[in-house]
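Here the structure comes first, spelled out in structure tokens, and everything after it is commentary.
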Amino acid sequence: MSSQRIDNFGKINRDKELRFKWENKNYFGYDGDSLASAMLANNIKIVGRSFKYHRPRGIMSCGVEESGGLVTIGVGDKKDPNVRVTSQELFEGLVASGQNAFPNVNFDLGSVNNYLSRFFAAGFYYKTFMGIPPFEWGRGTSIWMFFEKFIRNAAGMGKNSRLPDPDVYEHANDFCDILIVGSGPAGIAAAKEAVDKKLDVILVEQDNLIGGDQLSDNDFDTDTAFKELQNLGVRVMKRTTAFGLYDNCVLGLIERVTDYNTSIDKELPRQRFWIVRAKHIIVGSGAFERHIAFNNNDVPGSMTVNASKHYLNRYGVLTGKEIVIATNNDSVYLTAEILANAGAKVTVLDKREKIDLKFNRNNFEVRNGVVPYKINGSREIKSLDIADSVNSKYKKIDTIQCDQVLMSGGWSPAVHLLSHRGVRPEWDSENLCFLPGEAKENITMVGSARGIWGKEDCIKSGTAGALDALNRLGISKTNYFFPKEGGWKNAIEPLYEVKFNKSRSKSFVDFQHDVTCDDVRLAHREGFISVEHLKRYTTLGMANDQGKMGNIIGLSLMADLLEKEIPEVGTTTFRPPFTPVAIGALAGRSVGKHFMPLRTTPMHQWNLDHGATMIEAGLYQRPWYFPKTNETISEAYIREATTVRKSVGICDVTSLGKIAIQGPDSTEFINRIYTNPFAKLPINKTRYGIMLRDDGLVLDDGTCWRLSDTEYFMTTSTAQAGRVMSWLEELLQVRWTDLKVNVTSVSEQWAVAAISGPKTREVLNQCLEDPSVISNENLPFMGFTSSELIGGIPCRIARISFSGELGYEIYILADYANKMMDILWNAAKKFNGCLYGLEALGALRVEKGHVTGAELDGRTTIDDVGLGKMASNKKSYIGSAMRKRGVLSSEDREKLVGFFPANKKDTFDAGTIICEKNNIKGYGIGRVTSVTHSPELGHWIGLGFIKGGMERWQNTTVVGSDLVRNKEMEIRVVSPHMVDPDGKRMYA
Amino acid sequence: MTRFNAWNVFKNGLNGQTGWSRQWRDPEPKESYDVIIVGGGLHGLATAYYLAKNHNKHNIAVLEKGWIGGGNAGRNTTIVRSNYMMPGNREFYEHSLKLWENLSHDLNYNVMFSQRAHVVLLHSPSSIDAYARRYNTMKLTGSDGELWDLKKLKKKIPHLNYDNGRFPILGAIVQPRAGNARHDSAAWGYARAADSLGVDILQNCEVTGITRKNGSIESLQTSRGIIKGKKIGFAVAGHTSVLWQMAELGKLPIESHKLQAFVTESIKPLLDCVLIFGPAGAAHFYISQSDKGSMVFGGELDWYKSYAQRGNLPTVKENGECAMAIMPCLGKLRLLRHWAGVMDMSMDGSFFMCKTPIDNLYLNAGWNYGGFKASPASGWYFADLIANERPHKVIENHNLERFEKGINLDERGIGPDPKMHG
Amino acid sequence: MIRIKCPYCGERDHSEFSYGGDASIEYPSLEAPQEDWVKAIFFRENIRGVQKETWHHLNGCRMWLEVERSTITHEIKSVKPCHPDYTKIVENKQ
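Chains as they are written, first to last, in the numbering used here: chain G, 1342 to 2329; chain L, 80 to 501; chain X, 33 to 126.
This is the structure in structure tokens:
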């Protein structure tokens, strides 16, 4: 092949040169070029290597179906592998390099595979590499894994960057009445008709110019067409691919905002991922020209016919000097004439014996009844052997000197988007293609995507498509009709493969994945005859083009082998995306720290200012510990816990779930959802409660406060807050619709500080307008009151203790959170108090044997955690019927206990499995769920479960096995209430 | 049948690949079989194979409504692991992993099981503890597991998001023997091996009706005629409820949900293990790289019940976000294809393999996310159940009565909400 | 994307909602025996076709909705509030 730029053709801007690099060499193209056209203009022949045999590959199309021209663009963290040169716009400074080749695409050592290809038939890897060759001796997977390393290195196409992608992507959303995919003649006609009826219309075009196939027409002016549509009010989105159709006429679009040009505004994203909700979708996505399978049909210089026309008329590049066009249909003759006019020597091989078309016979030669037989040459086309097509046993009759072979084996409507909706295409045996099936949803296919070839008919189909949409949307009732499919003067004749008997050369069905006709025959021989088996066994249609060109050839070969018709063999389902979509675009701005929302409490900054180290708790960040200078986490939390036990500490516990419950039936409601009785809870009292799931296992625990006859305030654990809220709403709206109760999440409205320790009351006395409200008489344990912090800040104070010390929780409107912390902290400092975080909170509660999510892991019963006495026998509640079912009431279940290391110097970790001595295997007899160093006891302690509970094991020594942390220790089983078991301190 | 080995691959390279024959026959249905397995997925094919191999039964048919391996066998993300904790599940999946380890040799078909390790990223001290429990249990019951600290993890996988993540990476918990296998080849390998032992694989054979007589199933009406069977096994995953109701058996503890899977364009090796990203309460995501070079990933269900094998955009978006969250170098890599499979989600996230109210009917269902890796053991134990007409000890609790018996096989502790058992 | 017409908020993406489950379940009374609860909680018809199901407008008005939807095509036939009184509220709004 020798391709070149020629004068007087094309619509590129020859006044503006753009420099680019290919394989470290400098070239230039023009504004308006694609990378492919610029490469062709520079006569770059080999642009890639095939997947398996590493055969040289040139540019084979001018669109998204490209499977030869895949290159890597950019370097370093901007590296972008597997870019189709045909849909990449050229920009100043573009750097492209070859891939899947060593040392480079022109000279690739991997091409040794081509010489060994006879051994590398489809699926050969399923038959070997299992054991030591030649008879696969051995067992296990090690031999396969040895071979696998080489296979993995040989496979793959481009190299991905290992650096974070520095580019920015965006998500965007939109709505419209009608979304039209494709700006070919049909799409434009549909848009005009729809916008004329005052509808909101979006027209999406994947190319940087609108026009579709008309871009290769001399008389088409894309700018005029674009302006006309804009003036009419059509929202035109260029460089935007409709990659998938989803339920309810929702589309996924990818808009390439800046990735075609590095000099554009840096503030803009590289791409935008649009989700558009349309009322109706019109798809004018065009059709793909098929190639023909014959020997060496992949040699650089082979291309589809229509691509050559585009390169000439759009880009001013004549792709060959001596061009042979092989066809079975009428679509190539205009191209032949244009190529000849541009100075190429053109020979058309038409499989059909006789055709009736008017064209200038002096301009180019037509040989009827002739098919391409074999391309000679490996790195470029030297000549083409041709064969007589008269009988099915093709025989070479001649050799034509040429540098390019253009192929047109027919056209396949791009039915992909409709296929995403599960609509199966139907075979049209007249036009030899799959036509889109009938969609039940609001989707209309128009133009060549509907199998209509002629431009005038396409325009008519576009108008009809818009009217169809209007009808189906119930907007207007106008009669319309779609032109008949097809439109060629002479019938197309089947030509999928020119079979060459006894040849070592290859006829490719799928270029990128190196699937040959022989591979299809091998699949048939081995019984892989269903389309999906064929695809999976040979990898036909699994490459980057997803079978846009090759699938039908593969089907026809299989049909032939089965002696069936193509539709009987079936068709594969096209999956989204239509063309590959960058993962970065899918993620949009939800990257890095913005992957998920960060929840913080109103005193987050206050905590940070006071030295907090934070920890993730679900989506929340909570204070973990407040280290003093040079303190480790252990030193810090031990100091904090000790301070709480000795004097006083303050902890931000705002992340608790908080729910306001109101209504005349509130008491009944509360009584049904907690296991313990609430009917007699007095006003101004709070109660610790356990909720079960429907299946009788523990859902969550928390406190519930009675504000009045008809009003309650509930707290939940941080982790279950959302789930409990939805659950309560479900109960009230779905199950118990007779109850007059309203629930409102007030988690964000209240900030909460827990203050605990023997000095707590003294501290609070300095913080309250009226300290008497918290006296032991006025506010006994589990009471609460409304009061004011100094300065008249309203608050609620509950006497609740998680730490086991005298403790209060102060609830305040979120806006006053910092003020509250200041007031509490200023007072606490005077008593040598401390701020404490989750780690100390954990230490304190483990000492007390209070359970949290570590114990309530969704598999425990209320009895397991020793709270069975909280399960009422006098009332029914959620889970009451189920909580004792079968083995859930077994005595042998794992029950909550405390653990001490037998050797007080030992430490252990949660996740340790408890085993009997001398029987350290299997599931053991229990497990450790929470551990801490106990400042009070001076050694490590743990909470956990053991079969049969404390009664069976108290003061027995068992073994803790922690194999993943290489630890084993002797453990003594004790009561879970390890500090102040009578709870005297709380009542102080 | 020509054995699969390097010698024969070489020989066929010389003779134009003409020495290979059909990998399994395409027989006409017989009038009756000793055992009919409904469902030509991995579980059904494996069951037939082990019935023939372990239990000397050869008059067996596998009925497949489409083409074998066309359901979840061909739609999954090919992960094989045994990091299950609950008694029963533990032994079952461990046995499965062991069968995988020799499956290529056993079937004489390269199922490409690559034990490249299953690496779960850890993001909080409490997740380390929760996984320590699981992996300690695994190790104590004869499996393998390792805790990698951050230093080791960084050395093994340098290009994760260590510095700019929403959730800090503290380390990883790892099952080294876990990995990926080639899903299609496992299905074909079982088919070929079962066929060679006399099993009839009947494709395009959809069950359309069930004829019961005296408390047992007499015959199945199919799109290829009426077929009698002495014993019937259902192994149809997401479509179990449909058959169950065809047999007039009422309700099942199963809901069918859809799970999406994603595959990118091929690239040279980038990730050499199965990587799991699941900060508690925030996300669930898994990614690995196929031998062909594609990144293969997936995450949560689409959340609503569905029998459709196609997914919706919110889940696509979430998976893209997860991919970028752990491997920010993937930004420019392109998604090539996404699809969905129908998952038979159960009420506790564990499977059913048991006898049924019908004497000669056996059930194999409720695989949730665990179907692919379970295939060998599923076939092994289901064959054992059908042949011996009693459940093996390992699966004695995997029945429909376990809920009333209070037996808990809930690996995630979620409770009876099928969509949450991903 | 499934588009759900919330009777209160209007048509929204399904990602605003959370899927509840089978709306045909008849929950026994709290006093009912264990067998009834086992059946209600653990066993499902798992319809392949149009089923009644609940959705929670989690990131919207937080109404629980009863939706008739095909589990094959995802097409929605009807949407109404689960709570009968809410139906009245929605009607009054219109």
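Glycine is no exception: its CB is placed at the ideal position from the N, C-alpha and C atoms. Predicted model only: the values in this text are computed from it and were never measured.
Classification of residue i by the beta-carbon crowding that lies within 10 angstroms, buried from 16 upward
i          : result
Asn1701(G) : exposed
Thr394(L)  : buried
Ala1513(G) : exposed
Pro65(X)   : exposed
Ile486(L)  : buried
Tyr1978(G) : buried
Tyr163(L)  : buried
Pro1777(G) : buried
Thr1946(G) : Sequence check: residue 1946(G) is Gln here, not Thr. Gln1946(G) comes out exposed.
Beta carbon proximity, residue i to chain X, threshold 9 angstroms
i          : result
Leu2073(G) : yes
Val1591(G) : yes
Trp382(L)  : yes
Met1315(G) : As shown, chain G starts at 1342 and ends at 2329. That puts residue 1315(G) outside it, with no answer to give.
Ile2151(G) : no
Neighbour flag for residue i against chain G, beta carbons, 9 angstroms
i         : result
Gln66(X)  : yes
Ile121(X) : no
Thr97(L)  : yes
Gly92(X)  : no
Ser61(X)  : yes
Residue i at chain L interface by Cβ criterion, 9 angstroms
i          : result
Arg1480(G) : yes
Arg44(X)   : no
Lys125(X)  : no
Trp96(X)   : no
His106(X)  : yes
Cβ-Cβ separation, residue j to residue i (assumed contact under 8 angstroms), whole Å
i          : j          : result
Lys452(L)  : Ile147(L)  : With 8 angstroms as the limit, Lys452(L) and Ile147(L) do not qualify as a contact, their Cβ atoms being about 19 angstroms apart.
Val1426(G) : Met1498(G) : 13 angstroms between Cβ atoms; not a contact.
Arg389(L)  : Ala340(L)  : Contact flag wrong, Cβ pair sits at about 11 angstroms.
Tyr40(X)   : Trp87(X)   : Tyr40(X) to Trp87(X), Cβ: 13 angstroms. No contact.
Ile1664(G) : Lys1686(G) : 7 angstroms
Residue i vs residue j beta-carbon contact at 9 angstroms
i          : j          : result
Ile1623(G) : Gly1763(G) : no
Ala273(L)  : Leu121(L)  : no
Gly308(L)  : Leu338(L)  : no
Ser2007(G) : Val2087(G) : no
Gly1788(G) : Gly2194(G) : no
Gln2107(G) : Ile2134(G) : no
Asp45(X)   : Val1591(G) : yes
Residues near residue i in its chain [Cβ-Cβ closer than 6 angstroms; skip 5 each side]
i          : result
Asp1809(G) : Thr1785
Ala1535(G) : Ile1519, Val1542, Ala1807
Thr1983(G) : Pro2276
Leu442(L)  : Phe313, Phe431, Cys433, Thr435
Same chain, Cβ closer than 7 angstroms to residue i, five either side skipped, listed in chain order
i          : result
Thr2201(G) : Leu2038, Val2039
Val1412(G) : Val1388, Gly1389, Val1424, Val1426, Ala1437, Ser1438, Gly1439, Gln1440
Ile1860(G) : According to the sequence as given, residue 1860(G) is Asp; it is not Ile. If we look at Asp1860(G) and ignore the five residues flanking it on each side, its Cβ neighbours are Ala1462, Ala1463, Thr1879.
Thr103(X)  : Ile79, Arg80, Gly81, Gln83
Ser2213(G) : Thr2016, Asn2017, Pro2018
Glu225(L)  : Val253, Pro255
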